[in-house]
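Quick note on my numbering: the sequence shown kicks off at 340 and runs consecutively.
These notes concern the structure reproduced below.
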Amino acid sequence: MKPIRQAQGEPIRPPQGKQTMEQKLPWWYFALIALFLALATFLRLWYLDRIPTGLVSDELDYVLNAKAIYHTGGSIISQDWSPLSLTTVPNEIPKAEFPYIISLPFVGPFGLSIITARIGYALMSILYVLLLAATASVFFGPWVGLISGFMAAINPWSVYYGRTAYDVPIAITGYLAALFILAKYKGPTLLLALIPLFIGFYSYIGTKVLFLPFVGVSLVGVWLLKHKRRETVWLAIVGVVSAAMFGYFVLHLRNLDANVRVNQLFTPYDQSIVRDVDGQRRLTLASPLTRLFANKPVVYAKAAMIKFFGAFSPSILFTNGEGIATFSLWEHGLFYPVDALFLLIGIGVLFQTAPGLLVLFGILIAVATLPSVLSTVGTTYVHRASLMYPLLTMLIGYGVVSTAGLVRKSRRLWLIAAIALIYIIAVINFSYLYYFRFPYYNSESFGLSQRVYSRYMTLANAQNTPVVNISASSSVGYYRNFLFYNNIPSADTIPGIRKAFRDKSYTWGLSSFMDTCPSASDIARGNTTYILSETSPCKEQFIKRPMIAIPTLADGGTLYMIFNDHLCGQYALPAYPSGFTIDDFDIEKLPEKQFCERFVIRYSQPLYLPQDKNGSWLTP
340 MKPIRQAQGE PIRPPQGKQT MEQKLPWWYF ALIALFLALA TFLRLWYLDR IPTGLVSDEL
400 DYVLNAKAIY HTGGSIISQD WSPLSLTTVP NEIPKAEFPY IISLPFVGPF GLSIITARIG
460 YALMSILYVL LLAATASVFF GPWVGLISGF MAAINPWSVY YGRTAYDVPI AITGYLAALF
520 ILAKYKGPTL LLALIPLFIG FYSYIGTKVL FLPFVGVSLV GVWLLKHKRR ETVWLAIVGV
580 VSAAMFGYFV LHLRNLDANV RVNQLFTPYD QSIVRDVDGQ RRLTLASPLT RLFANKPVVY
640 AKAAMIKFFG AFSPSILFTN GEGIATFSLW EHGLFYPVDA LFLLIGIGVL FQTAPGLLVL
700 FGILIAVATL PSVLSTVGTT YVHRASLMYP LLTMLIGYGV VSTAGLVRKS RRLWLIAAIA
760 LIYIIAVINF SYLYYFRFPY YNSESFGLSQ RVYSRYMTLA NAQNTPVVNI SASSSVGYYR
820 NFLFYNNIPS ADTIPGIRKA FRDKSYTWGL SSFMDTCPSA SDIARGNTTY ILSETSPCKE
880 QFIKRPMIAI PTLADGGTLY MIFNDHLCGQ YALPAYPSGF TIDDFDIEKL PEKQFCERFV
940 IRYSQPLYLP QDKNGSWLTP
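Below, the structure is given as structure tokens:
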């Protein structure tokens, strides 16, 4: 294999398996490692208690249940269950088995808060950065490992998920750790890869479908490229045990609540495929070619390919990101635009220097798209196809190092300085979008208003004012938010909470959550405050009554209407939310006056009048 030669200077050498951290490296190499770990830590922990501005439902479930498991030893917030059972949570939207454990050491002894909910996941993200650097070192050498570590530390996707309590990063870190062990070590030590594989498999339901393909491709790849067709026995044991792990799950799937996810797999027999085939045949002129092209396998293959190539959309990867708000980085891709250039360079150089390694990474990236391709519940690449992002990050790191190798040594320092300047500007721009615009414009994606009404109810209760939250459905969701933001679950309170779930009577102290309307006499007494969502079935009972409201920060639109207020009406409430600072999002610590004047708005006249024929409220 011949190295690529520069126009002037030394050849670029292909990556060698021997060039690892074992070679003698200057002291400043390790100083730079410490620097990018410090940078990764800062980006993931800075104002973690305020950004994102709240918890979404999946995060909330993991954290509340972790708190319950801590106090009960094996029961979630609503019923008996343990993550060690290797089953999904019953009677809920099926979620992974292990992520509860990540936040347990923090929410257990230290109480419930946004910081304790997410700190474990943030630390896992920092570990991911170090692990990616180590993995890149094994495959490409220590200098690519160093640069890849920097890329991972500042990567927008990694920063975003490192500041949430989502399950995906745990699974990805587990799979990456397994790949590192398989490529790095020899002999019986290879069996240690089974531990992170086990953790990864039980940490995210979506990645279960790619488990065996990932393990198979990784084993064959490291057997051919890293172990030179040695270590066959130990690698085979890893493969057999992994297959047994997957088989155990499948055999018990029929009896698991996760079985509902099987119905969400995208197959040629999916109803959307059937409808598409029928539509094509109905709208096609009579032809012998119709059945050749308008059939379920062909239509399915086309739809699957569209999903597959969608994972590589430049818009998602480098410019705008995912369109789904909860997974959106707000006007920013999962990578930086400049990363696209170095990715192409990395692929091009690797094609000439180590094509076998490029094939391995290419197949693993293709495998990573399977959860998105095989899902009927949207594609959600940023979430389900996330295993491809550490692989792309390593290729980008390789591209940066290769680019530096294309110029003569006398000019290399200037090139490195220019690249560093570009990334400094890119990180500053991303930080501006994420830390200063994201909390404002995308606050509702993380349920800020639910955090606000929970605080309102607590402050009103402190003044002996009963508060009733009336929703169209799912009172349990509102109840969960209230429990979390008020740090209610404890060893003493969990029995009462579980009784509330069992009886479907969601009340705590003077706060109640229901989907039935109060009587006219109850409303008229005026001693109870009512909070209604826009979809509440009881709005007509409050026609022409004075109100205040909890608005969305993005456009000032009403999210929750508050009637019979006894708390915030005494203050100078604005007509439109504005003028926020990052300190305002420390909501649970805000004084009553500041809380009201920041997050509650006033109407000069009763806003909600009778509805029109479409169900919209008529306004003056």
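No residue lacks a Cβ here, since even glycine has one placed at the ideal position from N, Cα and C.
Query raised in the report: For Met900, which residues does DSSP report across the bridge?
Result: As a working note, residue 900 is residue 561 in the sequence shown. Paired residues: Leu871, Ala888.
- Task: Measure the alpha-carbon distance for Leu683 versus Val721 and round it to whole angstroms.
- Result: The residue you call residue 683 lines up with position 344 of the sequence shown. The residue you call residue 721 lines up with position 382 of the sequence shown. Their backbone Cα atoms lie some 21 Å apart in a straight line.
Exercise for the section: Output yes if chain B places a C-beta closer than 8 Å to the C-beta of Pro627; else output no. Expected result: Here chain B cannot be found, since the structure has a single protein chain.
- request: Tell me whether Trp847 sits in a helix, a strand or coil according to DSSP, three-state version.
  value: The count along the sequence shown starts at 1 and reaches residue 847 at position 508. Three-state result, Trp847: strand.
* Got a sec? Which residues, its chain only, sit under 6 Å from Phe840 by beta carbon, not counting five neighbours each side? -> In the sequence shown, the residue the question calls residue 840 occupies position 501. Cβ within range, chain order: Ser417.
Point to revise | Beta-bridge partners of Ile809, as assigned by DSSP | key: To locate residue 809, count along the sequence shown from 1; it is residue 470. DSSP, once it has assigned bridges, lists Met853, Leu871 as partnering Ile809.
By a C-beta neighbour count over all protein chains shown, 10 Å radius and 16 as the cutoff for buried, is Leu536 buried or exposed? Taking the sequence shown and counting its residues from 1, one reaches residue 536 at position 197. When all chains shown are included, Leu536 counts as buried.
- Taking buried to mean at least 16 other C-beta atoms within 10 Å of its own C-beta, is Met644 buried or exposed? Your numbering for residue 644 matches position 305 in the sequence shown. With fewer than 16 other Cβ atoms within 10 Å, it is exposed.
*Residues bridged to Ile940 by DSSP?*
Reading the sequence shown from its first residue, position 601 is the one you call residue 940. According to DSSP, Ile940 bridges with Ala888.
query: Can you give the beta carbon distance from Ala811 to Asp861, rounded, assuming they're within the 8 Å contact cut?
result: As a first step, residue 811 is located in the sequence shown; it is residue number 472 there, counting from the start. As a first step, residue 861 is located in the sequence shown; it is residue number 522 there, counting from the start. Between Asp861 and Ala811 the Cβ distance is about 19 Å, and since that is not below 8 Å, they are no contact.
Less than 8 Å between the beta carbons of Trp847 and Phe881, yes or no? Residue 847 sits at position 508 when you count from the first residue of the sequence shown. Residue 881 sits at position 542 when you count from the first residue of the sequence shown. Not a contact, by the Cβ cut-off of 8 Å.
Would you call the CB atoms of Leu551 and Ala582 closer than 8 Å?
Against the sequence shown, residue 551 aligns to sequence position 212. Against the sequence shown, residue 582 aligns to sequence position 243. Cβ distance < 8 Å, so Leu551 and Ala582 count as in contact.
Please determine, among Leu754, Leu849, Pro876, the residue with the shortest C-alpha to C-alpha distance to Pro857. Translated into positions along the sequence shown, residue 857 becomes position 518. Looking at the Cα atoms, Pro876 is the closest of the given residues.
| message | Check this for me: beta carbons of Ala407 and Pro828, under 8 Å apart or not? | response | Here the question's residue 407 lines up with position 68 in the sequence shown. Here the question's residue 828 lines up with position 489 in the sequence shown. Contact flag set, yes.
query = Helix, strand or coil: how does DSSP classify Asp506 here?
reply = Residue 506 sits at position 167 when you count from the first residue of the sequence shown. Looking at Asp506 - three-state DSSP - the assignment turns out to be coil, as it is neither helix nor strand.
| field | Continuous alpha helix (DSSP H) stretch holding Asp609: start and end | value | Numbered from its first residue, the sequence shown carries residue 609 at position 270. Note, Asp609: premise wrong, no alpha helix (DSSP H); not H, not E.
Exercise. Going by other Cβ atoms of all chains shown within 10 Å of its Cβ, with 16 needed for buried, is Gln909 buried or exposed?
Worked result: By one-based count along the sequence shown, residue 909 stands at place 570. Its Cβ having fewer than 16 others within 10 Å, Gln909 is exposed.
Under the three-state reduction of DSSP, which class applies to Asp923: helix, strand or coil? Taking the first residue of the sequence shown as position 1, residue 923 is located at position 584. In the structure shown, Asp923 sits in a helix (DSSP, three-state: H, G or I).
| task | For Trp669, I'd like the list of residues in its chain whose CB is within less than 8 Å of its CB, leaving aside the five on either flank, ordered along the chain. | result | For the purposes of this step, residue 669 is taken as the residue at position 330 of the sequence shown. Excluding positions up to five away in sequence, the list reads Gly660, Leu772, Tyr773, Arg776, Phe777, Tyr780, Asn781.
Fill in: Where Ser749 falls: helix, strand or coil (DSSP)
To locate residue 749, count along the sequence shown from 1; it is residue 410. Three-state result, Ser749: helix.
inquiry  = Helix, strand or coil, according to DSSP, for Ser829 in the structure here?
reply    = Here residue 829 corresponds to residue number 490 of the sequence shown, with the count starting at 1. It is coil, neither helix nor strand.
I need the straight-line Cα distance from Leu590 to Lys547, nearest angstrom please. Locating residue 590 in the sequence shown gives position 251, counting from the first residue. Locating residue 547 in the sequence shown gives position 208, counting from the first residue. Distance between the alpha carbons of Leu590 and Lys547: 14 Å.
task = Going by CA-CA distance only, name the one from Tyr409, Leu443, Glu570, Leu384 that's closest to Asp831.
result = Taking the sequence shown and counting its residues from 1, the one referred to as residue 831 is at position 492. Minimum Cα distance to Asp831 is reached at Tyr409.
Discussion item. Can you tell me whether Ile465 is buried or exposed? The criterion is at least 16 other CB atoms within 10 Å of its CB, across all chains shown.
Written reply: Position 126 of the sequence shown holds residue 465. With 16 or more Cβ atoms within 10 Å of its Cβ, Ile465 is classed as buried.
8 Å Cβ cutoff met for Arg819 and Ile887: Here residue 819 is taken as the residue at index 480 of the sequence shown, counted from 1. Here residue 887 is taken as the residue at index 548 of the sequence shown, counted from 1. Cβ atoms of Arg819 and Ile887: not closer than 8 Å.
task = Determine, using beta carbons only, whether Leu529 and Trp562 come nearer to each other than 8 Å.
result = The sequence position of residue 529 within the sequence shown is 190, counting from 1. The sequence position of residue 562 within the sequence shown is 223, counting from 1. Going by C-beta atoms, Leu529 is not nearer than 8 Å to Trp562.
*asked:* Checking 8 Å against the spacing of the C-beta atoms, do Gly501 and Tyr439 come in under that value?
replied: On the sequence shown, position 162 is the one that residue 501 refers to. On the sequence shown, position 100 is the one that residue 439 refers to. No, they are not a contact pair.
For this session: Would you mind reading off the limits of the alpha helix (DSSP H) that contains Gly555?
Result: Against the sequence shown, residue 555 aligns to sequence position 216. Residues 550 to 564.
(Q) In the DSSP assignment, the alpha helix (DSSP H) including Phe445 goes from what residue to what residue? (A) In the sequence shown, counting from the first residue as 1, residue 445 sits at position 106. Looking at the DSSP string, the run of the alpha helix (DSSP H) that includes Phe445 is 439 to 449.
Quick check on DSSP: helix, strand or coil for Asp419? Locating residue 419 in the sequence shown gives position 80, where the first residue counts as 1. DSSP places Asp419 within a strand segment (E or B) once states are collapsed to three.
*At what residue ranges does the region 728 to 792 contain a whole run of the alpha helix (DSSP H), taking only runs of 4 or more?*
If we require 4 residues or more, the alpha helix (DSSP H) runs fully inside the region 728 to 792 come out as 748 to 771, 777 to 780.
Rounded separation between Ala405 and Val446 - CA only: Taking the sequence shown and counting its residues from 1, the one referred to as residue 405 is at position 66. Taking the sequence shown and counting its residues from 1, the one referred to as residue 446 is at position 107. Distance between the alpha carbons of Ala405 and Val446: 7 Å.
request  = Can you say whether Ala373 is buried or exposed, counting buried as having 16 or more other CB atoms within 10 angstroms of its CB?
outcome  = The residue labelled residue 373 in the question sits at position 34 within the sequence shown. Exposed, because fewer than 16 other Cβ atoms sit within 10 Å of the Cβ of Ala373.
**Item:** Buried/exposed call for Asn494, threshold 16 Cβ in 10 Å
**Value:** To locate residue 494, count along the sequence shown from 1; it is residue 155. It counts as buried.
- Okay, do the region 737 to 746 and the region 754 to 761 touch, 3+ Cβ pairs below 8 Å being the bar? A contact exists between the region 737 to 746 and the region 754 to 761.
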